[in-house]
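These notes are about the structure you will find just below.
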Amino acid sequence: MAYRDIYQSWQDDPEAFWLKAAEAIDWVEAPTKALFDDKAPLYEWFRDATVNTCYNAIDRHVDQGNGDRAAVIYDSPITGTKASFTYAQMQTRIAALAGGLAALGVTKGDRVIIYMPMVPEALEAMLACARLGAIHSVVFGGFAANELAVRIDDATPKAIIAASAGLEPNRVVEYKPLLDGAIEMSAHKPDVCVILQREQHPCELGPRDVDWYEMQKGTTPADCVPVEGTHPAYILYTSGTTGAPKGVVRPTAGHLVALNWTMKNIYNVDPGDVFWAASDVGWVVGHSYICYAPLIHGNTTIVFEGKPVGTPDAGTFWRIIEEHNVKSFFTAPTAFRAVKREDPKGEFVAKYDLSCLNQIYLAGERADPDTIEWMQDKLDKPIYDHWWQTETGYTIAGNPVGIEPLPVKLGSPTVAMPGFDVQILDDAGHPLPAGELGAIVVKLPLPPGTLPTLWNAEDRFKKSYLTAFPGYYETGDAGMIDEDGYLYIMARTDDVINVAGHRLSTGGMEEVLAAHPDVAECAVIGVTDDLKGQLPVGFVCLNNGATTPEADVVAGCVKLVREKIGPVAAFKLCCVVDRLPKTRSGKILRGTMVKIADSADYKMPATIDDPAILDEIKVALQGIGYAK
């Protein structure tokens, strides 16, 4: 069947479509019904099923005779460590860890916060919780103590699992002082903290702490505990506009069914193939595509502790792909922009044999056409952008390569996946014609595995996602759909700026700036202007080795925007900067940049990679008359 046929089959009978997909999961009690709509607009999937996530991700592959297959490959250029663990070895390690947690009193429904770096034990901790039916909440390793405290108070964990330290290319991040500080600040106190001592930087244990290995001694390895289909597998906090984090809930059964479906249909891998998502377990990509989906599907997944550049060079990605025989690779556009900036001619690519690699996937932020064209030219591989969110847990719009590769249109993540009826509405909620910019929404119900609610915040869930456009899920993104059904994500809704009455996409302007031969990376924000309402300001980072004078680059950028978008954009302000402020997952902090430009108060974003960059942005803005 072609993509259109499969999408149509979902539209014609969603119930049959998802029950068929559910046949690929090993159930304790199989579902007899897919969708339960008696609580609409709060929908539930596979409510009458019972199942265990860890069994489906680990044990069943052992039971099916694939225990010797590699499950997890660990590659840490920072420590010089490489290791591989089979499914049978993972089963033994996870059952032992789960047994230790059970002996500490962790049971089904308890919350466990996981505060870990990119090591295999992070996956073991997640799966050990799933084995017991405990609900994990992974917090990005090294997160500030006050942000961790907020999550402790919201999730009220019985236990916290942490490492002694995280290792960066040029520094050690001590987790223990941050953890202790967070517990001191929080009203809720966990019963126990399980600490994985990293040999490169161990820590002292306090009265609440137990050693990862010591606490497993003398305990009985735990069996898998069946849970209801709607039982939360995990809570993942995403930043909210109010500053208070939103705890996205992931339901167990829908999570299993949907993620398993994506591995072949979207990422085009078969059981046994090596799949690599170069992300972090602290983000949704790390949950879905480092830990869960590859293992549920019987793939080999890679845990990478390093960076795209600097560990040791811009060839790290290619080394890992060649060395570990990666078939499908997934990362963020910002990672490739970093590689392109360090190695604009692609000289490192030529040093490695990438014949094993079939395709590359990008997500996490908009993939600008210039970066994709550079990748296509240097790698000679299909490059697929796809779009999804923490809330959905997997692809809303993408290229269904495992069904049939659709033609790539630069700037588009391609088409909606089964389960997602994506539409473009104006501010009043009316559908817009093809090619017109508006709010991107998804008709309810959302498909299995997407968020059914927020943790302990049902009203906030409705207000955040369901109120602006009744009957639809509000994505918070703006874009358009062309006459072929291809979706274009142009900006967050907040990043559509109004210049003298004209609604313009900052993403469209960034696309133009990125095409300048000296520009490695860029961002456009809208600043307040008394005359026009808002004006766009561009920030550009230059390629390594660029020799064009900065003033000429700025003039060239202004000229390009005028030619491609027109005088209506009123694009006259552009700064050359060394780097852009980003979250640790690579998203550019445009909202914070706007507040700095407008001299407004702002809260330091919890997820910022390097706060010092904001001072550099402020100086650049002052140079053009803003950030007074």
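Numbering (UniProt numbering), first residue to last: 1 to 628. Each residue gets a CB set at the ideal place from its N, CA and C atoms; glycine is no exception. Note that the structure is a prediction, hence the values are computed from the model and not measured.
{"Item": "Determine, using beta carbons only, whether residue 125 and residue 148 come nearer to each other than 8 Å.", "Value": "no"}
{"Item": "At what residues does the alpha helix (DSSP H) containing residue 534 begin and finish?", "Value": "Per DSSP, residue 534 belongs to no alpha helix (DSSP H); it is in the beta strand (DSSP E), 533–542."}
{"Item": "From this set, 90, 83, 229 and 46, which residue's C-alpha is nearest residue 62's C-alpha?", "Value": "90"}
{"Item": "Is residue 198 helix, strand or coil when you go by DSSP?", "Value": "coil"}
{"Item": "By how many angstroms is the C-alpha of residue 330 removed from the C-alpha of residue 278?", "Value": "6 Å"}
{"Item": "Got a sec, what are the start and stop residues for the alpha helix (DSSP H) residue 265 sits in?", "Value": "252–265"}
{"Item": "Measure how close the beta-carbons of residue 361 and residue 386 come, nearest whole angstrom, since I'm counting them as under 8 Å.", "Value": "6 Å"}
{"Item": "If you draw a straight line from the C-alpha of residue 617 to the C-alpha of residue 44, how long is it?", "Value": "45 Å"}
{"Item": "Determine whether the beta carbon atoms of residue 104 and residue 1 lie at a separation below 8 Å.", "Value": "no"}
{"Item": "Which residues bound the alpha helix (DSSP H) around residue 498?", "Value": "Premise fails: residue 498 lies in the beta strand (DSSP E), 496–499, not in any alpha helix (DSSP H)."}
{"Item": "On the DSSP bridge list, what partners appear for residue 114?", "Value": "138 and 161"}
{"Item": "Are three or more beta carbon pairs between the segment 129–148 and the segment 263–283 nearer than 8 Å?", "Value": "yes"}
{"Item": "Got a sec? Which residues, its chain only, sit under 8 Å from residue 111 by beta carbon, not counting five neighbours each side?", "Value": "134, 135, 136, 137, 155, 156, 157, 158 and 235"}
{"Item": "Where does residue 552 sit, in a helix, a strand or coil, going by DSSP?", "Value": "helix"}
{"Item": "For a quick check, are the C-beta atoms of residue 478 and residue 438 less than 8 Å apart?", "Value": "yes"}
{"Item": "The alpha helix (DSSP H) with residue 10 in it runs from where to where?", "Value": "3–12"}
{"Item": "For residue 145 versus residue 181, is the C-beta spacing smaller than 8 Å?", "Value": "yes"}
{"Item": "Please classify residue 521: does DSSP put it in a helix, a strand, or coil?", "Value": "strand"}
{"Item": "Just grab the DSSP bridge partners of residue 102 for me.", "Value": "BP columns for residue 102 are empty, so no partner."}
{"Item": "Roughly how many whole angstroms lie between the Cα atoms of residue 539 and residue 179?", "Value": "36 Å"}
{"Item": "Note down, in chain order, each residue of its chain lying with its Cβ closer than 7 Å to the Cβ of residue 208, except the 5 sequence neighbours on either side.", "Value": "192 and 193"}
{"Item": "Helix, strand or coil: how does DSSP classify residue 436 here?", "Value": "coil"}
{"Item": "Between residue 406 and chain B, is there a C-beta pair that is closer than 8 Å?", "Value": "Protein chain content of the structure displayed is limited to a single chain, and chain B is not contained in it."}
{"Item": "Check this for me: beta carbons of residue 542 and residue 519, under 8 Å apart or not?", "Value": "yes"}
{"Item": "Can you have a look at residue 531 and say buried or exposed, based on whether 16 or more other CB atoms are within 10 angstroms of its CB?", "Value": "exposed"}
{"Item": "How about residue 421 and residue 442: do their beta carbons lie closer than 8 Å?", "Value": "yes"}
{"Item": "Using the DSSP secondary-structure output, state which residues sit across from residue 593 in a beta bridge.", "Value": "DSSP lists no partner for residue 593."}
{"Item": "Tell me which residues share the same chain as residue 218 and place their Cβ nearer than 6 Å to its Cβ, disregarding the 5 neighbours each side in the sequence.", "Value": "none"}
{"Item": "Does the beta-carbon of residue 377 have 16 or more other beta-carbons within 10 angstroms, so that it is buried, or is it exposed?", "Value": "exposed"}
{"Item": "Check this for me: beta carbons of residue 50 and residue 227, under 8 Å apart or not?", "Value": "yes"}
{"Item": "Report the residue from 117, 153 and 123 whose alpha carbon sits nearest the alpha carbon of residue 143.", "Value": "117"}
{"Item": "Please go through the same chain and pick out, in chain order, the residues whose beta-carbon is closer than 6 Å to the beta-carbon of residue 4, but skip the five residues on each side of it.", "Value": "none"}
{"Item": "Could you please give the first and the last residue of the uninterrupted alpha helix (DSSP H) stretch that includes residue 512?", "Value": "506–514"}
{"Item": "Just to confirm the assignment, what range does the alpha helix (DSSP H) spanning residue 362 have?", "Value": "Counting along the chain, residue 362 falls outside any alpha helix (DSSP H), though it belongs to the beta strand (DSSP E) covering 359–362."}
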